[in-house]
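The sequence shown begins at 1 in the UniProt record's numbering and counts up one residue at a time. Report on the structure given below.
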Amino acid sequence: MSDAPSPLARLGDGMRRHAGLIRALQWAVVLFYAVLLVVPACLDLPPPQARMLDNLAVFAQFVFWGIWWPFVLLSMLLFGRLWCGLFCPEGALSEWASRHGRGRGVPRWMRWGGWPFVAFCLTTLYGQLVSVYDYALPALLILGGSTLAAMLVGFLYGRGKRVWCRYLCPVSGVFNLLARLAPVHFRVDEQRWLANAGPHLPTPNCAPLIDIRRMTGCADCHSCGRCSGQRGAVALSPRWPNEEIVVHGQRTESPWPVRLLLFGVIGLAMGAFNWTLSPWFIALKQAGAEWLVARGIVWPLEANAPWWVLTHYPQNNDAFTWLDGGALVVYVLAWALLMGGWLTAALRLAGRVAGQGRAVHAHLAQALIPLGACGLFLGLSATTVKLLRYEGLALGWVQPARALLLAGACIWTLWLGWRILRRRGVAPLRQTGALACLALACVPVLGGWWLMFWGWS
Ligand code: SF4
Ligand code: SF4
Numbered sequence: 001m002s003d004a005p006s007p008l009a010r011l012g013d014g015m016r017r018h019a020g021l022i023r024a025l026q027w028a029v030v031l032f033y034a035v036l037l038v039v040p041a042c043l044d045l046p047p048p049q050a051r052m053l054d055n056l057a058v059f060a061q062f063v064f065w066g067i068w069w070p071f072v073l074l075s076m077l078l079f080g081r082l083w084c085g086l087f088c089p090e091g092a093l094s095e096w097a098s099r100h101g102r103g104r105g106v107p108r109w110m111r112w113g114g115w116p117f118v119a120f121c122l123t124t125l126y127g128q129l130v131s132v133y134d135y136a137l138p139a140l141l142i143l144g145g146s147t148l149a150a151m152l153v154g155f156l157y158g159r160g161k162r163v164w165c166r167y168l169c170p171v172s173g174v175f176n177l178l179a180r181l182a183p184v185h186f187r188v189d190e191q192r193w194l195a196n197a198g199p200h201l202p203t204p205n206c207a208p209l210i211d212i213r214r215m216t217g218c219a220d221c222h223s224c225g226r227c228s229g230q231r232g233a234v235a236l237s238p239r240w241p242n243e244e245i246v247v248h249g250q251r252t253e254s255p256w257p258v259r260l261l262l263f264g265v266i267g268l269a270m271g272a273f274n275w276t277l278s279p280w281f282i283a284l285k286q287a288g289a290e291w292l293v294a295r296g297i298v299w300p301l302e303a304n305a306p307w308w309v310l311t312h313y314p315q316n317n318d319a320f321t322w323l324d325g326g327a328l329v330v331y332v333l334a335w336a337l338l339m340g341g342w343l344t345a346a347l348r349l350a351g352r353v354a355g356q357g358r359a360v361h362a363h364l365a366q367a368l369i370p371l372g373a374c375g376l377f378l379g380l381s382a383t384t385v386k387l388l389r390y391e392g393l394a395l396g397w398v399q400p401a402r403a404l405l406l407a408g409a410c411i412w413t414l415w416l417g418w419r420i421l422r423r424r425g426v427a428p429l430r431q432t433g434a435l436a437c438l439a440l441a442c443v444p445v446l447g448g449w450w451l452m453f454w455g456w457s
């Protein structure tokens, strides 16, 4: 690390110096978030002809699902978890509650590594059951409920920390994966940290509970800048976007991030995005209905569940029967299991072909992060495109752009796979075989997106 700080390092130092400004920004986002969440839920349902410029509920729907979510995801790939450190209202409120709370230690059950996986899957499924993208009340219930839970956890555990973010947040596992590709991070020079006896800046409050001295990447770091310049060893720095995965991804870690990637981010999310277009879903429902009627069981065909259990807006001709809800759960879980199972099998085969068995599996699986990230972005931005088309925009360039993004993500995945295999010292012939397995893994993922955007549209 040279002694003259780079412009990027100065930017990081500026974030540390202007912590008060960042806090003010966080409160402004909290306010904006609260208005967008609460006000539309208090209004009548928008009429079918409502447009975003003349109806607050439609405008809020566009801001939340059309802009906020897809571009927060994109920001993970560009800047790491800057969203978490600087803007996220939930993280800010959880930390604020923790500053004024009980300050208890983190309980053992909360440290279980599977919570982000479970929370992501349950939130995604529940969101589909109550049509969270289409109505303001379920958005208030899911996002507002999650924020209240984050505040409660903050109030009970930690002292000025983000225990919620570290262990429980439903999107933290996804952000952890995506941020590994960011081209900037707070780089820590451990030698320098140890050698620099002092005087030091006061110890920073790292809210997501990171051991800063040993930090090697972006996955858990919220990029808040509070540790910038600590011991002259921490600086915001550029990096090769593949570095965290290729160089540091071989450390043995919990199996849950890989499970989240294969079964959740790729499998479950794909089913959750495509069921509304899928003829297979309709066939599943019809088969279920025939089976029930043949046995004289009719109550699952009634649409009488409340809106917070299943979508229930009869005034919009939009109400789910119990059968709809059950078929949706089966359909989305089937995508998760089939896609995740296929990817796991292909990666295991790649490990065998590479001659390193299971050791390579978790490392090579991370090569699929670009493809998973691209799928999430395309799936979420499908809502952006839909809402903009309601507004009368043709957006003819969208389909070619989708094809290009998928092709680019697939190439990036294969490139990453090749670099990982080389880094692990796999022989050239075995590299080719293992890469062929990785390519095989990608085929149904591309096929799934093709069905959603071309085959079924
Ligand atoms: S981990 Fe979740 S709650 Fe915490 S700051 Fe990030 S997005 Fe917000
Ligand atoms: S290591 Fe902690 S304090 Fe440093 S930037 Fe990351 S989240 Fe902030």
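Glycine is no exception: its CB is placed at the ideal position from the N, C-alpha and C atoms. It should be emphasised that the depicted structure is a prediction, and the values quoted were computed from it without experimental measurement.
Between the C-alpha atoms of ILE411 and ALA401, what's the straight-line distance to the nearest angstrom?
Within the sequence shown, the letter at position 411 stands for residue 411. Within the sequence shown, the letter at position 401 stands for residue 401. Whole-angstrom Cα-Cα distance: 15 Å.
State the DSSP-derived secondary structure class of MET1, mapped to helix, strand or coil.
Start at 1 with the first residue of the sequence shown, and residue 1 comes out as number 1. Legend: pLDDT at MET1 = 47, less than 50; position of this residue unreliable, value from coordinates given subsequently. Coil.
Lining residues of ligand 1 - beta-carbon closer than 7 Å to any non-hydrogen atom, in sequence order
ARG81, TRP83, CYS84, CYS88, GLU90, GLY91, SER94, ALA150, ARG162, TRP164, CYS165, CYS169, VAL171, SER172, PHE175, HIS222
Enclosing beta strand (DSSP E) for HIS185 [first to last residue]:
For the purposes of this step, residue 185 is taken as the residue at position 185 of the sequence shown. Unbroken beta strand (DSSP E) run through HIS185: 184–188.
With DSSP as the reference, identify every bridge partner of LEU236, one or two as the case may be.
Within the sequence shown, numbered from 1, the residue matching residue 236 stands at position 236. DSSP, once it has assigned bridges, lists PHE186 as partnering LEU236.
Taking the beta carbon of ASN242 as the centre, do at least 16 other beta carbons fall within 10 Å, making it buried, or is it exposed?
Here residue 242 is taken as the residue at index 242 of the sequence shown, counted from 1. By the neighbour-count criterion, in which 16 or more other beta carbons inside 10 Å mark a residue as buried, ASN242 falls on the buried side.
Just to confirm the assignment: which complete alpha helix (DSSP H) runs, minimum length 4, are found wholly within the stretch 42–82?
56–61, 69–79
Should ARG231 and ASN196 be called a contact, given that it needs their Cβ atoms to be closer than 8 Å?
On the sequence shown, position 231 is the one that residue 231 refers to. On the sequence shown, position 196 is the one that residue 196 refers to. Contact: yes.
Start-end ranges of the alpha helix (DSSP H) lying completely within the stretch 111–187, minimum 4 residues
115–129, 136–139, 145–156, 163–167, 172–178
Suppose the cutoff is 7 Å on Cβ atoms and the five residues either side in sequence are ignored; what does the same chain contact list for ALA269 look like?
By one-based count along the sequence shown, residue 269 stands at place 269. Beyond the five residues adjoining it in sequence on each side, ALA269 comes within less than 7 Å, by CB distance, of THR124, GLY375, LEU376, GLY379 in the same chain, given in chain order.
Nearest CA to the CA of GLY20: which residue from ALA119, GLY225, TYR135?
Numbered from 1 along the sequence shown, position 20 holds the residue referred to as residue 20. GLY20 has its Cα closest to that of GLY225, out of ALA119, GLY225, TYR135.
In three-state terms, what does DSSP make of ARG104?
As a position in the sequence shown, residue 104 is number 104, starting the count at 1. Looking at ARG104 - three-state DSSP - the assignment turns out to be strand.
According to DSSP, simplified to helix, strand and coil, what is ASP211?
The residue labelled residue 211 in the question sits at position 211 within the sequence shown. In the structure shown, ASP211 sits in coil (DSSP, three-state: anything other than H, G, I, E or B).
By DSSP, does ASP324 sit in helix, in strand, or in coil?
Within the sequence shown, the letter at position 324 stands for residue 324. ASP324 falls in the helix class under three-state DSSP.
N-terminal and C-terminal residue of the alpha helix (DSSP H) that residue 473 is part of
The chain is shown from 1 up to 457; residue 473 falls before or after that span and cannot be answered.
Report yes if the C-beta of MET76 is less than 7 Å from at least one heavy atom of ligand 2; otherwise report no.
For this step, residue 76 is matched to residue 76 along the sequence shown. Checking the Cβ of MET76 against ligand 2 gives no.
Check whether the Cβ atoms of GLY417 and LEU438 sit closer than 8 Å, and answer yes or no.
Numbered from 1 along the sequence shown, position 417 holds the residue referred to as residue 417. Numbered from 1 along the sequence shown, position 438 holds the residue referred to as residue 438. Against a cut-off of 8 Å, the Cβ pair of LEU438 and GLY417 comes out as a contact.
Which value, in whole angstroms, describes the spacing of the CA atoms of PHE71 and ARG295?
Start at 1 with the first residue of the sequence shown, and residue 71 comes out as number 71. Start at 1 with the first residue of the sequence shown, and residue 295 comes out as number 295. The straight-line gap from Cα to Cα measures roughly 48 Å.
Below 8 Å between beta carbons: does that hold for LYS161 and GLU90?
Indexing the sequence shown from 1 puts residue 161 at position 161. Indexing the sequence shown from 1 puts residue 90 at position 90. Cβ distance not < 8 Å, so LYS161 and GLU90 don't count as in contact.
Does HIS361 come out as helix, strand or coil in the three-state DSSP assignment?
Numbered from its first residue, the sequence shown carries residue 361 at position 361. HIS361: helix per DSSP, three-state reduction.
Closer than 7 Å: is that where the CB of CYS121 sits relative to any heavy atom of ligand 2?
As a position in the sequence shown, residue 121 is number 121, starting the count at 1. No, since every heavy atom of ligand 2 falls outside the 7 Å radius drawn around the Cβ of CYS121.
Just checking my contact of ALA234 with VAL184 at CB under 8 Å: how many whole Å lie between their CB atoms?
Within the sequence shown, residue 234 is the residue found at index 234, counting from 1. Within the sequence shown, residue 184 is the residue found at index 184, counting from 1. According to the sequence provided, residue 234 is Val. The question's Ala does not apply to it. Actually they do not touch by this definition, with Cβ atoms about 13 Å apart.
Is any heavy atom of ligand 2 found at a distance shorter than 7 Å from the C-beta of CYS206?
If you number the sequence shown from 1, residue 206 lands on position 206. Yes, ligand 2 has a heavy atom inside 7 Å of this Cβ.
Which whole runs of the beta strand (DSSP E) in the stretch 233–279 are 3 residues long or more, in chain order?
234–238
When PRO202, ARG213, ALA207 are compared against LEU194, the one with the closest alpha-carbon
Here the question's residue 194 lines up with position 194 in the sequence shown. Checked all of PRO202, ARG213, ALA207; the closest Cα to LEU194 is ARG213.
Rounded to a whole number of angstroms, what is the C-alpha to C-alpha distance between PRO46 and ASP220?
As a working note, residue 46 is residue 46 in the sequence shown. As a working note, residue 220 is residue 220 in the sequence shown. If I take the Cα positions, the gap works out to 40 Å.
Look up ALA197 in the DSSP assignment and say whether it is helix, strand or coil.
By one-based count along the sequence shown, residue 197 stands at place 197. Of the three classes helix, strand and coil, the one that applies to ALA197 here is coil, per DSSP.
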